[in-house]
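Single-structure report; data block below.
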Amino acid sequence: MIDRSPKPPEALLRVIAQDLKPVKPSPGPLRLVLETAPLALLVSSLILLAIGIRGDSAILGPLLTWGASAAQFTLAIVLVWVAAHESAPAGRLPRGIVYAAAAVALLVIVAITVSTFSISPEGDTLRAAGAGRVVPPWITDLACGAGGTLAGAILVLLLVWMFRNSLAIRPAMAGALYGAGAGVAVNAGWRIACPFATLRHALGAHGAAIAATVLLGALLGRLLATRRLPAKYQTDS
293 MIDRSPKPPE ALLRVIAQDL KPVKPSPGPL RLVLETAPLA LLVSSLILLA IGIRGDSAIL
353 GPLLTWGASA AQFTLAIVLV WVAAHESAPA GRLPRGIVYA AAAVALLVIV AITVSTFSIS
413 PEGDTLRAAG AGRVVPPWIT DLACGAGGTL AGAILVLLLV WMFRNSLAIR PAMAGALYGA
473 GAGVAVNAGW RIACPFATLR HALGAHGAAI AATVLLGALL GRLLATRRLP AKYQTDS
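Residue numbers are given in the numbering used here: position 113 of the sequence shown equals residue 405, and the series is strictly consecutive.
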């Protein structure tokens, strides 16, 4: 049988041959997650270094103070691991596992928050240091919402850079998972530093910061994918 397909020009073959370079295989999801974990821990600890531990930590005890945050941080790393699998077409986890991981993360965060404030005796007022005036709740809501979002955005950008060579078929889903991991990791540190101890504030302001990082991650995932992967190969179904 004669091969009648046209052959590439010799000039093109020479250019291709000159451009060939050895490349390292991409690290697996677990290795990438382990490399990003120290960065996530550093960013999530910044608020603790800035303002210290909440005043009711002695009443909450080490389990609800440090243990719950450690569990939440571990959950954040799991979300990033799921996102890393989502970023590799051949390594994608079943859709049910992805949705289950997101649902478990939400339930765990709500359970930790409710458990914390069922024990915390703190009220809904916060007094400025060195002054007798009460800080309005909306100011603390804004401070924690904006601060948590900023810290989460920094971590999202770091995660996006670490996983910049990914080829996610569902880029918005992968980005949202990275954002969720970033938001949960930041909240793990934020919850044991924030001095404004009310359930409304924790679920509202802190929850809004997590939601914002999820949205940011989804938008970044979609934006980067449009530059790397043809639209016909993308799907968020």
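Ideal Cβ positions, reconstructed from N, Cα and C, are used throughout, including at glycine. Owing to the predicted nature of the structure, the values given are computational and were not obtained by experimental measurement.
Going straight from the alpha carbon of residue i to that of residue j, what length do you get?
| i | j | result |
| --- | --- | --- |
| T441 | V506 | 10 Å |
| S458 | P428 | 44 Å |
| A474 | A375 | 11 Å |
| A392 | P487 | 32 Å |
| V400 | A480 | 12 Å |
| A504 | T328 | 21 Å |
| V476 | A517 | 24 Å |
| L434 | A362 | 26 Å |
| S412 | G320 | 42 Å |
Around the Cβ of residue i, are there at least 16 other Cβ atoms within 10 angstroms (buried) or fewer (exposed)?
| i | result |
| --- | --- |
| R514 | buried |
| G359 | exposed |
| R306 | exposed |
| S410 | exposed |
| W430 | exposed |
| D416 | Since pLDDT at D416 reaches only 46, below the 50 mark, its modelled position is unreliable, and no value is offered. |
| R378 | The amino acid at residue 378 is misidentified as Arg; the sequence shows Glu. Answer is buried; the Cβ neighbour count reaches 16. |
Should residue i and residue j be called a contact, given that it needs their Cβ atoms to be closer than 8 Å?
| i | j | result |
| --- | --- | --- |
| L491 | V406 | yes |
| L461 | P381 | Here residue 461 is Ile; the residue named in the question, Leu, does not match the sequence. In contact: I461 and P381 (Cβ atoms closer than 8 Å). |
| R483 | H493 | no |
| G444 | A510 | no |
| L508 | G471 | yes |
| L447 | V335 | yes |
| L398 | L469 | no |
| I389 | V325 | no |
| I345 | A485 | yes |
| V352 | T408 | Reading off the sequence, residue 352 comes out as Leu, not Val. Contact: yes. |
| W373 | L451 | no |
| I404 | Q364 | yes |
Could you have a look at residue i and say whether DSSP puts it in helix, strand or coil?
| i | result |
| --- | --- |
| T417 | Residue placement at T417 is flagged as unreliable, the pLDDT there being 43, under the threshold of 50; the coordinate-derived value follows with that caveat. Here T417 sits in coil by DSSP. |
| A485 | coil |
| R384 | coil |
| I345 | coil |
| T328 | helix |
| S337 | helix |
| G359 | helix |
| G320 | coil |
| T490 | coil |
Open item on the list: Quick check for students: name the residue ranges of the alpha helix (DSSP H) that lie wholly in the stretch 389 to 465, counting only runs of 4 or more.
Closed with: You should have 429 to 454.
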